[in-house]
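In my numbering, the protein residues as written are 1019 to 1132.
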């Protein structure tokens, strides 16, 4: 990924907790290199800490890492597609199972690189 000032990178995980605890150094580096970073996750108490680092945040409202209900999963996938389409990010980095799987499945529909 070539460094372009103002380029946007999305980071998608099950929780803001995992983004804050496991991707903090990556986020700091991307921000210091001039990237716009948008963290995408289900809402939790770490959202504010991720925002304090300088990230924008987007909440996937229906996201449930534990769910296996087919209709709920279809709703989650639809929300992910809508969310990713609305983001200006060229790249989306995913780090946990559901975001990995669902983002990979939706790349043809969203035009994002994973």
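Think of the CB as a built atom: it goes at the ideal place given N, C-alpha and C, for glycine as much as any other residue. Keep in mind that this is a model prediction, so the values were computed, not measured.
In the structure shown, residue 1079 falls within a coil segment according to DSSP collapsed to helix, strand and coil. In the three-state reduction of the DSSP assignment, residue 1064 falls in the coil class, being assigned neither a helical nor a strand state. When the beta-carbon positions are compared, residue 1027 and residue 1068 stay at least 9 Å from each other. The shortest C-alpha to C-alpha distance from residue 1083 to any of 1075, 1095, 1109 is the one to 1095.
Per DSSP, residue 1124 is not a residue of any beta strand (DSSP E); the alpha helix (DSSP H) it occupies stretches across 1115 to 1128.
The alpha-carbon separation between residue 1086 and residue 1106 amounts to approximately 30 Å. According to the DSSP assignment, residue 1031 belongs to the beta strand (DSSP E) that extends over 1026 to 1033.
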